[in-house]
Amino acid sequence: MVATVDFRGTAPRTRDDIRGLRPYLFQLMGEPFLFARESYGNELTLHFGDEVELPPFRGRRLTEGTYVLTLRASVWVAKSVPLASYVAGDDLAPGPGVVPITVQELETRPPITPGACVVWIEARAFRSIGWPGGIELGIRFSDGSFLEIRPRYDPTDPVHDLADWELFTPYNRYLKAGPGVQWEYSPSDQQPAEGDAASDA
Numbered sequence: 025m026v027a028t029v030d031f032r033g034t035a036p037r038t039r040d041d042i043r044g045l046r047p048y049l050f051q052l053m054g055e056p057f058l059f060a061r062e063s064y065g066n067e068l069t070l071h072f073g074d075e076v077e078l079p080p081f082r083g084r085r086l087t088e089g090t091y092v093l094t095l096r097a098s099v100w101v102a103k104s105v106p107l108a109s110y111v112a113g114d115d116l117a118p119g120p121g122v123v124p125i126t127v128q129e130l131e132t133r134p135p136i137t138p139g140a141c142v143v144w145i146e147a148r149a150f151r152s153i154g155w156p157g158g159i160e161l162g163i164r165f166s167d168g169s170f171l172e173i174r175p176r177y178d179p180t181d182p183v184h185d186l187a188d189w190e191l192f193t194p195y196n197r198y199l200k201a202g203p204g205v206q207w208e209y210s211p212s213d214q215q216p217a218e219g220d221a222a223s224d225a
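Take 25 as the starting number for the sequence shown in my numbering and just add one per residue.
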């Protein structure tokens, strides 16, 4: 069968359909990694594609990627070839060779080489007994680095409405994964600049 997926279209919230999710992820294939940045709430964001300038904010010049991956309610690990190390976005057990790093340090020394392209991306259902699970994401890069993102299980808050991760695209759309093994591809909530009318492609 031959089929196409319209990245400017939408897809309603879907449960237990990882196969249907994959074509929306493939738009990240071949895109270069630009940089990592801390967002609100100490959330790590990864920027891909072309670097675009944002309106000045408090006199600062800011840029972002045409694709932005937010890690939201997830834990992540990266096998970093440029750093020759294993970098984790969650607490590691203390021990020899385990060195804590901050998100700010990841901004200056990201685990992926800037300019390295996405060579493969894969989504999988991730479940555990007594927990609805979520959608795991794996990304391989042309520098040999590998990033794995998994839903975070919090036994104190087993039911929440946060996405495990989100991918914002240049088509004014975003791919939301979770909570649970569900996803949707929807118009993004980009706030218009003051005085501008809201628009959507």
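Ideal Cβ positions, reconstructed from N, Cα and C, are used throughout, including at glycine.
Given residue i as reference, the closest of the options once Cα atoms are compared
| i | options | result |
| --- | --- | --- |
| C141 | L52, R61, T34 and A27 | L52 |
| Y177 | T90, Y91, P80 and A97 | A97 |
| E88 | I159, G202, P175 and T193 | T193 |
| T90 | S63, L191, R133 and R43 | L191 |
| Y198 | E129, L93, R46 and G157 | L93 |
| V205 | D167, G158, L186 and P211 | G158 |
| P135 | V26, R151, D167 and P211 | D167 |
For residue i, three-class secondary structure by DSSP
| i | result |
| --- | --- |
| R37 | strand |
| D30 | coil |
| T132 | helix |
| A225 | Here A225 scores only 36 on pLDDT, less than 50, and its place in the model should not be relied on; the value that follows carries that caveat. If DSSP states are grouped into helix, strand and coil, A225 belongs with coil. |
| L161 | strand |
| P175 | strand |
| G44 | helix |
| L95 | coil |
| L52 | helix |
Cα-Cα separation between residue i and residue j, rounded to whole angstroms
| i | j | result |
| --- | --- | --- |
| E218 | P79 | With a pLDDT of 35 at E218, under the threshold of 50, the modelled position of this residue cannot be trusted, and the question is left open. |
| S104 | E75 | 23 angstroms |
| P106 | D188 | 27 angstroms |
| W144 | S63 | 26 angstroms |
| G44 | P120 | 43 angstroms |
| A201 | Y209 | 9 angstroms |
| E67 | W100 | 12 angstroms |
| D213 | N196 | 8 angstroms |
| R164 | S109 | 15 angstroms |
| E5 | A60 | What the structure shows of the chain is the stretch from 25 to 225, and residue 5 is not part of that stretch, so it cannot be assessed. |
| T28 | G83 | 43 angstroms |
| P216 | L86 | Reliability fails at P216, whose pLDDT of 35 lies under 50, so the model's placement of it is uncertain and no value is given. |
| E160 | G113 | 15 angstroms |
| P47 | R148 | 13 angstroms |
| L49 | P138 | 20 angstroms |
| F57 | L70 | 8 angstroms |
**Request:** Spell out a yes or no on whether the stretch 162-175 and the stretch 26-36 are touching, meaning 3 or more CB-CB pairs, one atom from each, closer than 8 angstroms.
**Result:** no
**Prompt:** Does the stretch 122-130 touch the stretch 35-45, meaning 3 or more C-beta pairs lie closer than 8 angstroms?
**Reply:** no
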